[in-house]
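**Student:** So that we are looking at the same thing, I have put the structure below in structure tokens.
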């Protein structure tokens, strides 16, 4: 990718489908002039942020009756002169409009090319651009808030301030290098070490927020397991009925093996129902059990179900010992209504319910408290693996700086490690970048964004 | 349907799907004030046709970073104060925006309700409103042009001028009625009959354009038939490769049993491949042959294929005699390369080709000439069955007027028939209407239109 960055690009910006409206975007220096060539009015004198009614014309043929929005460099999404054409929501008509624009000199935009230009023109940094993609794929309150915060630049500001502190020190160290043999020391080594400790603390805090960020963005991978007939599917159905979500499922979301999504307090619990766990002569069933165990190991939250009416505390104890150590576990004693239940006899943290009755309040309360742990603080959260990786590498380089100072290595090496750390931080916001990185980030965007 | 027409309505106007942009429409008196309640800027002083950058807020929570377009009564699609919100193309985010607006007092719009309001506010008449729906489902050059012409009001003007001429006469006749017994004659009966003949001629011309209008809108129902192994599928594939279409197929278009669409000179040939025609002991195959015959009878164009290398002119002659009389027929002699072909021996109108070679120029030429018959003249074309029906009823009433005059019936009856004719014409443009008609027309629109 990374085509010519100065020509005029065009693309549909709304999904294909018969609908009320379809929007087509055009951007690039000269785009207003270009659209004027196939619009019933001259837009060249049109003011920024104004809307114009008219017709798209292919020669003399009227293609569509449209509204045209005019944006002018630099007050536009891309930072360039731009046009948005809002026409009738017919895929055929949209295609004809795009075709008409390409006839007069626009070219089809590549995926993410509008946002790429916004980045290249300094309208947003790389972390903000990535947040735009996150915003588009947001499917819960938490992922929406996360994307919105990152898009507003809070994270970028944190990274920039880390960088700035290092840059100042790097300048001093490199100044010493310029003096060569003279053995001056502008950069106080103790101060440098203090600074680095402070930066490492901040970086570690950001890195450790990645697990939470990942949950906010993608939800909690939740596995429901237990012996056959413990009531797993009944529980799942009852949970879904209790759901307090706005959206339980959004068309087009990739769900892989995920079977249901439960939305509690804005956090998605991605529920995976598993085959009942038992030894079986049936080979096919054993494969199912094997897969269940694998899923349990990958789970962030494991909901383990037992049937109180057909087991006893010591058997359950043995079963629990066999479970993989996931981050969170909830033990459910089901069918409490079918047995004389003595809470004293069972594990203290077990939640006793009757899934069949549909009253799952204690379980919902527990899930809500787990969701609350992730609740939006105003602190910056890392939710992007690329950023987490760069932070790790930046920290690694800083550790080397400290070691180097302690071991008395020459300035050159210290400066090199500082520069490496700066480089990694710069990758996050795109102050340092290359075509390959840009291609891989923007290539994942939608066409028209 | 036909809910309260004065409240503020909201609906997504673009298809659901992860995409660059999503547009949400709001309309109704007070809608600008209402959106201001959940927008980061006050829009109350905003000028019409201007765009405003900001955030949609649900209380203090930022839902999305958006552009808001402001339209003011009467210069808007609906003729009311209106807002279009262009946000990130996340179905979740769009839903949250709609939800936020309903919280502050908007209600979800019904299908077609924006256009219904446009009609009720006199922004367009009923025929034009129907053209909006046609525009959205346009899937060929011809259907696009047809919808565009009708949306611009050419057809409505024709109907209005027919009506006007009758209205003047109706007024004179009713004036006579007012004079009761006095036996005055303001409306010259011979002139009236002349006028009615003229109107009937115009109405008949419009009615007879319906067949062509239907083809322009829906395409030509084309059946390919012939004995087994005549090369029907080879022909179909070769035709599709030759296709000069911009769009061969549009996702979401209902295709029923249609198998392929060939787009020639802007006209859609909706190609239906059929089971080879032969007597067979196989029951299932006989059902297929039965269906093929049924489809042939419904066809507007029948392409009948024979294999020149395995038949002779007299057998073909006999086969052709069996064919149903469709509007257009094309006889193809296939596999011309596998036989010593003597044009003199075969029907004069037969086109000899080798479908396998892929050279189908003579057939394409023929299809182009059929398409050209429908080519856009500047004359008005009726393409809507509701309009064709109203025209037929209007003509029927006019015939009664003439008969009545000839039979010397009283003025009352003549006036009644004239009024009936006017009523039917008025139904087309919506000068006469009722909730049921409106409900059935607008109920078929998209949500958000």
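Protein chains in written order, with this note's numbering: chain H, 349 to 797; chain D, 349 to 797. The C-beta atom is built at its ideal place from N, Cα and C for all residues, glycine as well.
#1: Beta-carbon separation of residue 678 of chain H and residue 651 of chain H under 8 Å?
#2: Taking DSSP as the reference, what is the three-state secondary structure of residue 698 of chain D?
#3: Is there contact between the region 435-451 of chain D and the region 462-478 of chain D, where contact requires at least three CB pairs shorter than 8 Å?
#4: Pick from H/546, H/483, H/394: whose alpha carbon is nearest that of residue 513 of chain H?
#5: For the region 781-796 of chain H against the region 426-440 of chain H, are there 3 or more C-beta pairs whose distance is under 8 Å?
#6: With a threshold of 8 Å between beta carbons, is residue 577 of chain H in contact with chain D?
#7: In three-state terms, what does DSSP make of residue 672 of chain H?
#8: Hey, would you say residue 500 of chain D sits closer than 8 Å to residue 773 of chain D, going by beta carbons?
#9: Under 8 Å by Cβ, that's how I've got residue 657 of chain D and residue 683 of chain D pegged, so tell me the actual separation to the nearest angstrom.
#10: With DSSP collapsed to three states, give me the class of residue 759 of chain H.
#11: What does residue 582 of chain D touch in chain H if you count any residue whose Cβ is under 9 Å from its own?
#12: Taking only beta-carbon atoms, is residue 592 of chain H less than 8 Å away from chain D?
#13: If distances are taken between C-alpha atoms only, which option among D/542, D/544, D/617 comes closest to residue 568 of chain D?
#14: Can you list the residues of chain D that residue 499 of chain H reaches, using a CB-CB cut of under 8 Å?
#15: From residue 417 of chain H to residue 405 of chain D, what distance separates their C-alpha atoms?
#16: Tell me, please, whether the CB atom of residue 363 of chain D is closer than 8 Å to any CB atom in chain H?
#17: Opposite residue 367 of chain H in the DSSP bridges: which residues?
#18: Quick check: what's the CA-CA separation for residue 357 of chain D versus residue 461 of chain D?
#19: The beta strand (DSSP E) with residue 413 of chain H in it runs from where to where?
#20: Quick check: is the beta carbon of residue 436 of chain D nearer than 8 Å to any beta carbon in chain H?
#21: With a 10 Å radius around its C-beta and 16 neighbouring C-beta atoms as the bar for buried, classify residue 565 of chain H as buried or exposed.
#22: When we look at the beta-carbon of residue 539 of chain D and count the other beta-carbons within 10 Å, is it buried (16 or more) or exposed?
#23: Measuring only the C-alpha atoms, how far is residue 604 of chain H from residue 721 of chain D?
#24: Under a three-way DSSP split, which group does residue 532 of chain H fall into?
#25: For residue 422 of chain D, does the three-state DSSP call read helix, strand or coil?
#26: Hey, residue 477 of chain H and residue 486 of chain H: beta-carbon distance below 8 Å or not?
#27: In the DSSP output, which residue or residues are listed as bridge partners for residue 573 of chain H?
#28: Tell me, please, whether the CB atom of residue 417 of chain D is closer than 8 Å to any CB atom in chain H?
#29: Of all the residues that make up the region 440-465 of chain D, which are near chain H by a beta-carbon distance shorter than 8 Å?
#30: Is the Cβ-Cβ distance between residue 766 of chain D and residue 508 of chain D less than 8 Å?
#31: Based on the DSSP output, what are the partners of residue 456 of chain H in its beta bridges?
#32: Would you tell me roughly how many angstroms separate the C-alpha atoms of residue 653 of chain D and residue 614 of chain D, rounded to the nearest one?
#33: Using a Cβ-Cβ distance under 8 Å, would residue 504 of chain H count as near chain D?
#34: Excluding the 5 residues flanking residue 794 of chain D on each side, which residues of the same chain have their C-beta closer than 6 Å to its C-beta?
#35: Need the endpoints of the beta strand (DSSP E) that residue 618 of chain D sits in, please.
#36: Determine whether the beta carbon atoms of residue 701 of chain D and residue 680 of chain D lie at a separation below 8 Å.
**Tutor:** Looking at the coordinates:
#1: In the first chain, counting from the first residue as 1, residue 678 of chain H sits at position 330. In the first chain, counting from the first residue as 1, residue 651 of chain H sits at position 303. Yes, the pair counts as a contact, with Cβ atoms nearer than the cut-off.
#2: The count along the second chain starts at 1 and reaches residue 698 of chain D at position 350. Coil at residue 698 of chain D, not helix or strand.
#3: no
#4: By one-based count along the first chain, residue 513 of chain H stands at place 165. Considering only alpha carbons, the answer is H/546.
#5: no
#6: In the first chain, counting from the first residue as 1, residue 577 of chain H sits at position 229. So, not an interface residue.
#7: Here residue 672 of chain H corresponds to residue number 324 of the first chain, with the count starting at 1. If DSSP states are grouped into helix, strand and coil, residue 672 of chain H belongs with coil.
#8: Against the second chain, residue 500 of chain D aligns to sequence position 152. Against the second chain, residue 773 of chain D aligns to sequence position 425. It is not a contact, given that the beta carbons lie outside the stated cut-off.
#9: Locating residue 657 of chain D in the second chain gives position 309, counting from the first residue. Locating residue 683 of chain D in the second chain gives position 335, counting from the first residue. Their Cβ separation, rounded to whole angstroms, is 5 Å, which keeps residue 657 of chain D and residue 683 of chain D in contact under 8 Å.
#10: Here residue 759 of chain H is taken as the residue at index 411 of the first chain, counted from 1. Helix, per DSSP.
#11: Within the second chain, numbered from 1, the residue matching residue 582 of chain D stands at position 234. Within chain H, no residue comes near residue 582 of chain D; the closest Cβ sits about 29 Å away, beyond 9 Å.
#12: Working through the first chain from its first residue, we reach residue 592 of chain H at position 244. Residue confidence for residue 592 of chain H is low, a pLDDT of 33 falling below 50, so the modelled location carries little weight and cannot support an answer.
#13: Taking the second chain and counting its residues from 1, the one referred to as residue 568 of chain D is at position 220. Taking only the C-alpha atoms, the option nearest residue 568 of chain D is D/617.
#14: Numbered from 1 along the first chain, position 151 holds the residue referred to as residue 499 of chain H. Chain D residues near residue 499 of chain H: 413.
#15: Translated into the one-based positions of the first chain, residue 417 of chain H becomes position 69. Translated into the one-based positions of the second chain, residue 405 of chain D becomes position 57. Distance between the alpha carbons of residue 417 of chain H and residue 405 of chain D is about 23 Å.
#16: Counting from one through the second chain, the residue named residue 363 of chain D turns up at place 15. Chain H, which has a Cβ nearer than 8 Å to the Cβ of residue 363 of chain D, makes this yes.
#17: Against the first chain, residue 367 of chain H aligns to sequence position 19. Partner(s): H/437.
#18: Against the second chain, residue 357 of chain D aligns to sequence position 9. Against the second chain, residue 461 of chain D aligns to sequence position 113. Spanning the two alpha carbons is a distance of roughly 8 Å.
#19: Stepping through the first chain from its first residue, residue 413 of chain H is reached at position 65. It spans 409-419 - the beta strand (DSSP E) in which residue 413 of chain H sits, taken as one unbroken run.
#20: Residue mapping note: residue 436 of chain D aligns to position 88 of the second chain, counting from 1. Chain H, which has a Cβ nearer than 8 Å to the Cβ of residue 436 of chain D, makes this yes.
#21: Residue 565 of chain H sits at position 217 when you count from the first residue of the first chain. Buried, since its Cβ has 16 or more Cβ neighbours within 10 Å.
#22: Counting from one through the second chain, the residue named residue 539 of chain D turns up at place 191. Flag for residue 539 of chain D reads exposed.
#23: Translated into the one-based positions of the first chain, residue 604 of chain H becomes position 256. Translated into the one-based positions of the second chain, residue 721 of chain D becomes position 373. With a pLDDT of 36 at residue 604 of chain H, under the threshold of 50, the modelled position of that residue is not reliable, and no figure is offered here.
#24: Position 184 of the first chain holds residue 532 of chain H. Reduced to three states, the DSSP call for residue 532 of chain H is coil.
#25: Counted from its first residue, the second chain places residue 422 of chain D at position 74. DSSP places residue 422 of chain D in coil when its eight states are reduced to three.
#26: The sequence position of residue 477 of chain H within the first chain is 129, counting from 1. The sequence position of residue 486 of chain H within the first chain is 138, counting from 1. Taking 8 Å as the Cβ cut-off, residue 477 of chain H and residue 486 of chain H do not qualify as a contacting pair.
#27: Taking the first chain and counting its residues from 1, one reaches residue 573 of chain H at position 225. Residue 573 of chain H is bridged by DSSP to H/652.
#28: For the purposes of this step, residue 417 of chain D is taken as the residue at position 69 of the second chain. It does; some Cβ of chain H falls within 8 Å.
#29: Residues of the region 440-465 of chain D whose Cβ lies closer than 8 Å to any Cβ of chain H, in chain order: 440, 441, 443, 444, 447, 462.
#30: In the second chain, the residue the question calls residue 766 of chain D occupies position 418. In the second chain, the residue the question calls residue 508 of chain D occupies position 160. Remark: C-beta atoms of residue 766 of chain D and residue 508 of chain D do not approach each other more closely than 8 Å.
#31: Position 108 of the first chain holds residue 456 of chain H. The partner list for residue 456 of chain H (beta bridge, DSSP) reads H/358.
#32: Here residue 653 of chain D corresponds to residue number 305 of the second chain, with the count starting at 1. Here residue 614 of chain D corresponds to residue number 266 of the second chain, with the count starting at 1. Roughly 25 Å between the two C-alpha positions.
#33: Here the question's residue 504 of chain H lines up with position 156 in the first chain. No, residue 504 of chain H lies away from the interface with chain D (no Cβ there is under 8 Å from its Cβ).
#34: Counting from 1 along the second chain, the entry for residue 794 of chain D is found at position 446. So the list is empty, once near-sequence residues are dropped.
#35: Here residue 618 of chain D refers to the residue found at position 270 of the second chain. 615-621 is the extent of the beta strand (DSSP E) around residue 618 of chain D.
#36: Position 353 of the second chain, counted from the first residue, corresponds to residue 701 of chain D. Position 332 of the second chain, counted from the first residue, corresponds to residue 680 of chain D. Taking 8 Å as the Cβ cut-off, residue 701 of chain D and residue 680 of chain D qualify as a contacting pair.
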